[in-house]
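Heads up, the sequence shown is in full-length UniProt numbering, so the first residue is 1 and it goes up one at a time. By construction, the Cβ of each residue, glycine as well, lies at the ideal position given by its N, Cα and C atoms. Notes follow the structure.
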Amino acid sequence: MDGLNGPKGETEQELDEKYPNRPRNHHPTLPFHDLFLDLFNPLNENKKRPAGSTVARRKLGPHGGQQTLSPQELRRDIIQRFISKWRNEVGDDIYPAFRLIIPEKDRDRAMYGLKEKTIGKLLVKIMKIDKNSEDGFNLLNWKLPGQSMASRMAGDFAGRCYEVISKRPMRTEVGNMTVQEVNEKLDLLAAANKEDEQLPILEDFYRKMNPEELLWLIRIILRQMKVGATERTFFEIWHPDAETLFSISSSLRRVCWELYNPNVRLEDEETGVTLMQCFQPQLAQFQMHSFQRMIEKMRLSPEDPSFWIEEKMDGERMQLHMMSDDSITGGKRFKFWSRKAKDYTYLYGNGFYDENGALTRHLKDAFADGVQNIILDGEMITWDPEQDAPVPFGTLKTAALSEQRNPFSATGQRPLFRAFDILYLNDKALTRYTLRDRRKALEASIKPVHRRFEIHTYEVGYSAAHIEPQLRKVVAEASEGLVLKNPDSPYRLNERHDDWMKVKPEYMTEFGESLDCVVIGGYYGSGKRGGALATFLCGLRVDEAQIRQGANPMKCYSFCKVGGGFTAADYANVRHHTDSKWKDWDPKKPPTEFIELAGGDAQYERPDVWIRPDESVVLCVKASSVTPSDQFRLGLTVRFPRFKRLRMDKTWESALSIQEFMDLKSNAEREQKEKEFKIDNSRKRKPKRTTKKPLTIAGYDENKKAEFDVSDQIFTSKSDSLVVMTDALEPEKKSKLELEKLIKANGGKIYQTNTAASNTICIAERRTVKVASIQKAAKENIVRPSWLLDCIKQNEADLGLPDLLLPLEPRHMYFTVKGQEQEISSNVDQYSDSYVRDTTTKELTKLLASMPAISNLSASRISKIEDQMQSRHEQEGTFHDLPGWLFKNQVLYFSQSRSSSDSKVSSSRLASNIARFAGASLVSKPDDKRVTHIILDKDSRSADVSALRSSISKRVGAGRIPHIVTVEWINESWKAKTLLDEEQLLKGVHFEFRKVCIDAFYRSHISVS
1 MDGLNGPKGE TEQELDEKYP NRPRNHHPTL PFHDLFLDLF NPLNENKKRP AGSTVARRKL
61 GPHGGQQTLS PQELRRDIIQ RFISKWRNEV GDDIYPAFRL IIPEKDRDRA MYGLKEKTIG
121 KLLVKIMKID KNSEDGFNLL NWKLPGQSMA SRMAGDFAGR CYEVISKRPM RTEVGNMTVQ
181 EVNEKLDLLA AANKEDEQLP ILEDFYRKMN PEELLWLIRI ILRQMKVGAT ERTFFEIWHP
241 DAETLFSISS SLRRVCWELY NPNVRLEDEE TGVTLMQCFQ PQLAQFQMHS FQRMIEKMRL
301 SPEDPSFWIE EKMDGERMQL HMMSDDSITG GKRFKFWSRK AKDYTYLYGN GFYDENGALT
361 RHLKDAFADG VQNIILDGEM ITWDPEQDAP VPFGTLKTAA LSEQRNPFSA TGQRPLFRAF
421 DILYLNDKAL TRYTLRDRRK ALEASIKPVH RRFEIHTYEV GYSAAHIEPQ LRKVVAEASE
481 GLVLKNPDSP YRLNERHDDW MKVKPEYMTE FGESLDCVVI GGYYGSGKRG GALATFLCGL
541 RVDEAQIRQG ANPMKCYSFC KVGGGFTAAD YANVRHHTDS KWKDWDPKKP PTEFIELAGG
601 DAQYERPDVW IRPDESVVLC VKASSVTPSD QFRLGLTVRF PRFKRLRMDK TWESALSIQE
661 FMDLKSNAER EQKEKEFKID NSRKRKPKRT TKKPLTIAGY DENKKAEFDV SDQIFTSKSD
721 SLVVMTDALE PEKKSKLELE KLIKANGGKI YQTNTAASNT ICIAERRTVK VASIQKAAKE
781 NIVRPSWLLD CIKQNEADLG LPDLLLPLEP RHMYFTVKGQ EQEISSNVDQ YSDSYVRDTT
841 TKELTKLLAS MPAISNLSAS RISKIEDQMQ SRHEQEGTFH DLPGWLFKNQ VLYFSQSRSS
901 SDSKVSSSRL ASNIARFAGA SLVSKPDDKR VTHIILDKDS RSADVSALRS SISKRVGAGR
961 IPHIVTVEWI NESWKAKTLL DEEQLLKGVH FEFRKVCIDA FYRSHISVS
């Protein structure tokens, strides 16, 4: 290596001790520009060649000549030539080059903490350009097409930087920085913690590199190379065992330093997992197939066709290594790594007595006697002891840090490791054993620690019918999904295989209708979709009611955004039919004649461009379910919408209208309980081996937004921004980070200071320096976090409110500006009962206890109040839906047949209890003159009815004749919340019984007459 220090700051002596046989380069590393001139640019050009094409290329070696290569062969040839050049001109240590060629696999260099927005800001400072100028705007708004430059670079941040830097370069020719020098600078950049420290390093790169070098440098920093070749291809060409070693070690350095000679192969014992060495775990395959097809693809044993169904946990994939080590207190050493090979030992602990260990200090009795070393595969999740339930993804690190501070707290959230596989036990690798055998070893090796360290459970399935109930169960519990596993399968390192298949609720077609919606707007994409419309805003036509009120018949309400399911051909087809018809959206002059968005002047989900419906196209959209949303004008939208096909057979006039959609929704809700989950595979695509790392904003993962049990868009008011200043203490404990996540998940804007935006709402519940300064200034209210939680809870309970934000109440206020107390107090009554918010049982109990007792509430006064209510009910029809008023003024006699079974007696008892609760009076004799209804069961015999008829006939001149009904009249009236017609209800009773009852009824009337 050229430098004095290696990766992670290790000295040459330390590296020599760790890798005594590592290769040595006999010459300095190649110039940095050789990477893109000989490798990146040729690979990019080759990526553009159509499949099936060929190209002539001069052969390597002394004999020369020409050879015809396909794009796949040419790709390998380009990489092979570069590797040969490196070996010849530099040496066998290719690690410095591979760190820049496949930077996303380099675990030895820390993350830079730089995203596109930050790099754009730093470049604006370095080049000293105005952020409001054309170039400044283009750098900071890189997804949009440039104001005057070609739009081919839109969505490609590095390409956009290249265009701006090219106008003001410090060098026009390539620089002379070597690969090693670039690595050393990047190590410094990764170590810098603040923008002020990163600025001079980037400025040095700017002085020493030309625009094209900087373009590739930025791609390396962002770890977004996309050169048309994966790490598998590079590994395979470097050494036949390189991919295997990376799978079991996750170490790019080890691959380069141990496998530098292609003729020296790994021994069998070197190809398995190694204790205290991170490996690449097996991943679950995603299949867009029916449940039956999934089972078939697992290729289960005909002798035992069972499979396992596990809940897919919402946490972080984690591997745990434990080994005996007498040098550490307690004799056991631990290591923890995530799926991305990030070392989390500092968080969860390296031993039983690690004071910073959020987990290991609780594991002293977690392993069976005789377990000397072990490797477990599992999931680290956050557990809330108070709720006795897992917490949604994103709170794990906060919970672990809290556990470090309060390790034995009985109430705080904590990390919980759920093991579902074992790969190594007492010096023996278990990956080649079946999952069934590995499970037996797992259960024999672990002694679970309640809510700290547990074995993940599973259900056994035998057919497709066993999957649906489990999926419905996890959907009801807001879980992430299921994983189906073949119990006779080995563990496959760094593979997605049909032995493990994941099923997520969002892949299901619970809302079974296809929706034909008209496109009314578009949004520009990024990456390979940069500069082109990648997502479309779809709308529903206004119906006759709006047209009669003066609406333009062509007007559409915003309904949903669709960006998934499109192929390149689909995008081309949409472009072909809408070319030159798009117009830029002007927020000051929105096209309200044609398009109506939600939010009024706020213009929620405002598109970049819009199109008239009569010039647009109709898309067939499929979705999983309908959900309320204030982000779209209809007040409803669909979850997980995806494109199915372009409906060129339909015009905008035949697209879905608002009323037609509401009819579809009603039908779907009516059929929902009867429907089965079915996987929508009509547009299935081959699963990709790698997935793009989700973009994280302020600790919140946008791609996981739907996993929060919230309504998504509560805090979207453009005039209000939120500043969370402290944790929440009441009614439940939540950290500042958790509160910010909830706000972000519900559409809110978050700032860290109350001066960052106008009209900020400060959230705090305890006195800190910042809170005290705001109180002293006395210019802003300080609201308790309970207001946020109340808003979310109320929105879940009542999504029909036009204004989703609750008004502030005195209980919400930590500090109130003078002069606003009366306004806030007006939102509750004299007993502090909210006029808008639903009151909890606890609050209601406290509220009732605070009310003064009525001293003169005598029995006569109670009777008078009841009479007043009865009079009002008769005159105005009020109180009819009160459960305690339903059978008011009804006097019932329950007649029990002597032949009635126990179940019938129980049914009558239940009906009598319902009647009494609902205000009825019960009597013990049928000849009581107050009786309004005689209640029979269906087992009543003719003799029983005759006896009743005889008793009723004696009531000549006694006034009203009682109705004879069954217990079903009470039950059905209770369900309907109204007194049902007695004779109509008898139509559903068995003919013989009806005959007896009707005969008794009419004979009673004749007798009275």
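Helix, strand or coil, according to DSSP, for residue i in the structure here?
i: Ala191; result: helix
i: Trp787; result: helix
i: Ala777; result: helix
i: Gly412; result: coil
i: Ala366; result: coil
i: Glu12; result: helix
i: Glu311; result: strand
i: Tyr458; result: coil
i: Glu17; result: helix
i: Pro883; result: helix
i: Met554; result: coil
i: Arg822; result: In the sequence on display, residue 822 carries Gln and not Arg. Helix.
i: His933; result: strand
i: Val542; result: coil
i: Asp384; result: strand
Return the chain-ordered list of same chain residues with a C-beta closer than 7 Å to the C-beta of residue i, the five sequence neighbours on each side being excluded.
i: Arg232; result: Glu243
i: residue 1053; result: Given that the chain is displayed from residue 1 to residue 1009, the structure contains no residue 1053 and the question cannot be resolved.
i: Arg633; result: Tyr557, Ser558, Glu596, Leu597 and Ala598
i: Trp211; result: For clarity, residue 211 is Pro in the given sequence; the question names Trp instead. So the list reads Tyr162, Ile165, Ser166 and Pro169, once near-sequence residues are dropped.
i: Arg207; result: Met170
i: Ser912; result: Phe894 and Leu922
i: residue 1034; result: No information on residue 1034 is available, as it lies outside the stretch 1 to 1009 that the chain covers here.
i: Glu10; result: none
Below 8 Å between beta carbons: does that hold for residue i and residue j?
i: Ser895; j: Ile934; result: yes
i: Val474; j: Ala366; result: no
i: Asp499; j: Ser489; result: yes
i: Phe483; j: Ala284; result: The amino acid occupying residue 483 in the given sequence is Val; Phe does not appear at that position. Against a cut-off of 8 Å, the Cβ pair of Ala284 and Val483 comes out as a contact.
i: His812; j: Arg784; result: yes
i: Val621; j: Arg647; result: no
i: Tyr458; j: Ile295; result: no
i: Gln820; j: Asn781; result: yes
i: Leu442; j: Ile455; result: yes
i: Thr535; j: Lys561; result: yes
i: Leu252; j: Phe82; result: no
Which residue comes first and which comes last in the alpha helix (DSSP H) that contains residue i?
i: His812; result: Looking at the DSSP string, His812 is not in any alpha helix (DSSP H), and its letter there is neither H nor E.
i: Tyr346; result: Thr345 to Tyr348
i: Lys47; result: Asn41 to Lys47
i: Ala242; result: Ala242 to Ser249
Near residue i, what residues of its chain come up, given a Cβ to Cβ distance below 6 Å and the 5 sequence neighbours on each side ignored?
i: Tyr19; result: Trp257
Among residues of its own chain, excluding the 5 on either side of residue i, which ones have a beta-carbon nearer than 8 Å to its beta-carbon?
i: Leu401; result: Leu347 and Ala358
i: Arg49; result: Val55, Pro71 and Leu74
i: Gln603; result: Pro587, Pro590 and Leu597
i: Arg299; result: Asn486 and Asp498
Taking the beta strand (DSSP E) that residue i belongs to, which residues open and close that run?
i: Tyr523; result: Ser514 to Tyr524
i: Thr841; result: Counting along the chain, Thr841 falls outside any beta strand (DSSP E), though it belongs to the alpha helix (DSSP H) covering Thr841 to Ser850.
i: Thr578; result: From DSSP, Thr578 is part of no beta strand (DSSP E) but of the alpha helix (DSSP H) over Ala568 to Thr578.
i: Trp582; result: No beta strand (DSSP E) holds Trp582; DSSP gives it neither H nor E.
For the ligand FMN, any of its heavy atoms closer than 7 Å to the Cβ of residue i?
i: Thr978; result: Ligands displayed in this structure: none; no statement on the ligand FMN is therefore possible.
At least 3 beta-carbon pairs within less than 8 Å: the region 315 to 323 vs the region 369 to 389: yes
At least three beta-carbon pairs within less than 8 Å, the region 287 to 297 to the region 461 to 469: yes
Cβ contact (3+ pairs, closer than 8 Å) linking the region 578 to 592 and the region 608 to 616: yes
Cβ pair count under 8 Å reaching 3, the region 223 to 231 against the region 169 to 185: no
Any 3 or more C-beta pairs closer than 8 Å across the region 174 to 194 and the region 116 to 132: no
Three or more C-beta pairs below 8 Å linking the region 321 to 330 and the region 90 to 101: no
Stretch pair the region 261 to 278 + the region 424 to 432: three plus CB contacts closer than 8 Å: yes
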